[in-house]
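See below for the structure under consideration.
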Amino acid sequence: MSFSRIAYLLSIYVICMLPELARGQDSTIATVDPLSFDYRFPSNLQQTVDSQLRNKQWFIDAKYGVFIHFGVYSKLAGAYDGRGQDFNYSEWILTSAKMSAKEYRTIASAFNPASFDAEQWVRTFHELGLQYLVVTAKHHDGFALFDSTVSDYNIVDYTPFKRDIILELSEACQRYGMRFGVYYSHAQDWNDPDAPYLTRMTQRSVLFPELDEDYKPDFERYLRTKSLPQVEELLKRYDLDLIWFDTPVDITFEWAKQFSDLVRRYQPNCLINSRIIHNGGDQILQDNLELFDYVSIRDKEIPTQKLPLYVETPDSVSSSFGYKAHGDFHYHSEEEILHRLINTVCSGGNLLLNNGPMGNGQLDPEALRLYQVIGDWLKVNGESIFHTRRNPFPNRPAWGNYTVSKDLQSLYVHILQWPEDSKITLPEGITYVSKATILGSVETVTISTDNSRTIISLPCESVHPYATVVKLSLSDELLLVSDVE
1 MSFSRIAYLL SIYVICMLPE LARGQDSTIA TVDPLSFDYR FPSNLQQTVD SQLRNKQWFI
61 DAKYGVFIHF GVYSKLAGAY DGRGQDFNYS EWILTSAKMS AKEYRTIASA FNPASFDAEQ
121 WVRTFHELGL QYLVVTAKHH DGFALFDSTV SDYNIVDYTP FKRDIILELS EACQRYGMRF
181 GVYYSHAQDW NDPDAPYLTR MTQRSVLFPE LDEDYKPDFE RYLRTKSLPQ VEELLKRYDL
241 DLIWFDTPVD ITFEWAKQFS DLVRRYQPNC LINSRIIHNG GDQILQDNLE LFDYVSIRDK
301 EIPTQKLPLY VETPDSVSSS FGYKAHGDFH YHSEEEILHR LINTVCSGGN LLLNNGPMGN
361 GQLDPEALRL YQVIGDWLKV NGESIFHTRR NPFPNRPAWG NYTVSKDLQS LYVHILQWPE
421 DSKITLPEGI TYVSKATILG SVETVTISTD NSRTIISLPC ESVHPYATVV KLSLSDELLL
481 VSDVE
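If you count by UniProt numbering, then the sequence shown holds residues 1 to 485, one letter each, in order.
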């Protein structure tokens with residue numbers, strides 16, 4: 001191992017150790033995991049009062065939203081000229097296939113999703129129980145799905161489609177009473193040589209071979225002339241409930257604050273996610289909490305414990321976010337996708353479940369099938385998800401998880417693995433259960449008490465193949481719920 005490599009590893013170790021050293025705790029490499037929830041979420045974090053109020057207006061009751069990754073990359077479906085299909089995310093095809101920005105622009109100029117129907121998209125997701133919608137207004141490729149005067153690299157000016165997809169989706173969401181948000185990649189832009197890049201795949205020399213070798217990028221020029229003005233356009237033109245920033249590589253607090261201040265100036269109640277300044281795996285810093293309202297954790301990461309801030313999981317029905325039909329990819333099973341929703345909500349968060357529509361504008365049939373599985377389950381069990389609060393007990397049981405109603409009068413027992421003896425024993429001290437019923441079933445459930453513990457006796461077999469919910473009506477308020485909602 002070279003000296004430079006040793007020095008690099010030591011520097012990473014020191015960075016990871018700094019929080020522990022500052023607290024005077026004894027630690028070793030084995031106990032420091034910079035991706036753990038304990039490291040990323042210091043227990044003393046506290047969101048601002050304004051953010052808490054904004055979250056309570058609708059977000060923490062919504063629980064379940066639809067994420068949509070749609071753009072030029074949808075047409076390529078994960079491969080270009082036999083290249084790029086081995087990378088998980090098809091929306092990264094520009095870089096995974098090592099295309100130049102000019103080459104990608106040629107593909108963009110022919111993008112024509114003629115089958116796109118905003119009414120049909122929104123109606124479908126609304127009927128399937130989703131409460132809010134977030135769509136990619138501009139992804140890392142720099143191409144905008146709205147009519148932008150800042151840059152003509154957009155779907156209205158640059159393509160034969162000539163329609164503002166963001167406008168049409170926004171209006172459809174208003175008609176169906178769905179909350180509406182946009183994703184905007186504010187720091188990355190693969191169509192601009194002055195924007196920074198995240199990985200070895202995004203080399204400036206490959207994207208822009210026409211540039212001189214000694215070209216010096218001006219990140220602030222990109223932020224000042226494209227990114228910030230386009231966000232201002234979105235805020236001035238569309239009624240937004242949420243703006244979803246992403247990959248804040250090289251963003252300073254001062255620049256992030258300009259974006260945050262812009263949102264507060266035009267739409268004070270619009271929610272801002274943490275990726276305005278933190279990547280999903282970053283440690284959350286108290287000083288940055290004034291910039292955003294809730295935390296977007298890592299892609300496809302399901303929370304496993306209670307956290308001091310409200311979180312949202314950016315999940316997807318498949319291993320890609322954009323539509324993928326080439327290379328190695330897979331969809332979640334029905335059981336997996338349902339359990340991911342339940343465990344996210346029980347842990348105290350929202351699930352933002354993504355799908356990638358096809359390049360012609362039609363929704364992916366397999367994605368719709370999985371949304372339908374959740375939608376059918378929610379028709380019966382929705383009260384155990386929407387307008388609830390997280391598991392009020394210190395631990396999660398091996399057989400499943402809990403939520404509690406907003407008024408603290410009902411405890412919902414989510415049984416994901418049927419107990420062998422068909423019995424559920426509640427945590428000690430919960431003896432004030434007046435009634436127990438299985439949602440959507442006439443099966444009998446009995447309640448008994450043994451040494452200050454309540455025991456729920458269930459039918460011999462699960463009512464639902466993946467998740468059965470028992471509703472416990474409480475004769476007294478459940479007083480164990482955390483202040484964090």
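Ideal Cβ positions, reconstructed from N, Cα and C, are used throughout, including at glycine.
Out of curiosity, what's the CA-to-CA distance linking residue i and residue j?
i	j	result
leucine 458	serine 318	34 Å
phenylalanine 245	tyrosine 222	16 Å
cysteine 270	aspartate 61	16 Å
glycine 361	methionine 201	28 Å
valine 66	glycine 375	12 Å
serine 347	arginine 396	9 Å
glutamine 286	histidine 332	35 Å
leucine 235	tyrosine 266	6 Å
aspartate 212	glutamate 103	18 Å
glycine 327	alanine 398	36 Å
threonine 106	tryptophan 418	54 Å
threonine 124	tyrosine 64	14 Å
serine 227	proline 193	13 Å
asparagine 288	leucine 45	11 Å
tyrosine 184	glutamate 428	47 Å
aspartate 261	threonine 313	25 Å
isoleucine 251	arginine 163	32 Å
aspartate 152	isoleucine 166	15 Å
Look at residue i and residue j and say whether their C-beta atoms are less than 8 Å apart.
i	j	result
glutamine 131	arginine 179	yes
leucine 291	isoleucine 277	yes
lysine 412	serine 475	One detail in the question is off: residue 412 reads as tyrosine in this sequence, not lysine. No, the pair does not count as a contact, with Cβ atoms beyond the cut-off.
tyrosine 197	histidine 339	no
histidine 139	glutamate 171	no
valine 470	isoleucine 415	yes
glycine 129	glycine 382	yes
residue 517	asparagine 354	Examination of residue 517 is not possible in this model, given that the chain is present from 1 through 485 alone.
proline 268	alanine 256	no
valine 72	aspartate 141	yes
tryptophan 190	alanine 101	yes
valine 445	alanine 436	yes
serine 274	valine 295	yes
tyrosine 89	glycine 359	no
isoleucine 447	isoleucine 456	yes
phenylalanine 143	asparagine 154	yes
aspartate 299	isoleucine 272	no
According to DSSP, is residue i part of a helix, a strand, or is it coil?
i	result
glutamine 25	With a pLDDT of 43 at glutamine 25, under the threshold of 50, the modelled position of that residue is not reliable, and the figure given next carries that caveat. Three-state result, glutamine 25: coil.
tryptophan 365	What sits at residue 365 in the sequence shown is proline, not tryptophan. Three-state DSSP puts proline 365 in a helix.
phenylalanine 253	helix
leucine 378	helix
glycine 308	Checking the sequence shown, residue 308 turns out to be proline, not glycine. DSSP places proline 308 in coil when its eight states are reduced to three.
histidine 186	coil
proline 229	helix
alanine 144	strand
arginine 389	strand
valine 150	coil
phenylalanine 125	helix
isoleucine 447	strand
threonine 431	coil
valine 295	strand
tyrosine 39	helix
asparagine 355	strand
alanine 436	strand
serine 90	helix
alanine 7	Bear in mind that the predicted position of alanine 7 carries a pLDDT of just 39, short of 50, making it unreliable; the figure below should be weighed with that in mind. DSSP places alanine 7 in helix when its eight states are reduced to three.
leucine 167	helix
Which whole-angstrom value describes the C-beta separation of residue i and residue j, a residue pair presumed to lie in contact below a C-beta threshold of 8 Å?
i	j	result
glycine 177	leucine 240	Contact doesn't hold; Cβ gap of about 16 Å is too wide.
lysine 324	glycine 78	4 Å
valine 263	isoleucine 243	6 Å
serine 74	phenylalanine 87	About 15 Å; that fails the 8 Å criterion.
isoleucine 342	asparagine 279	Between asparagine 279 and isoleucine 342 the Cβ distance is about 26 Å, and since that is not below 8 Å, they are no contact.
tyrosine 310	glycine 281	Not confirmed; about 18 Å, so no contact.
isoleucine 430	threonine 454	5 Å
DSSP beta-bridge partners for residue i?
i	result
glutamate 301	BP columns for glutamate 301 are empty, so no partner.
tyrosine 132	Gly65, Arg179
histidine 414	Asn401, Val469
serine 100	Paired residues: none, contrary to the question.
isoleucine 424	Ile456
glycine 349	Val311
tryptophan 244	Tyr183
leucine 235	Answer is none; leucine 235 lacks a bridge partner.
asparagine 273	Tyr294
arginine 83	Tyr80
Hey, does residue i have any beta-carbon neighbour from chain C nearer than 8 Å?
i	result
tryptophan 418	The structure shown contains no chain C; it is built from a single protein chain.
Could you check if residue i belongs to the surroundings of the ligand ADP, using beta carbon to heavy atom distance under 7 Å?
i	result
tyrosine 215	Questions concerning the ligand ADP fall outside what the structure shown contains, since it holds no ligand whatsoever.
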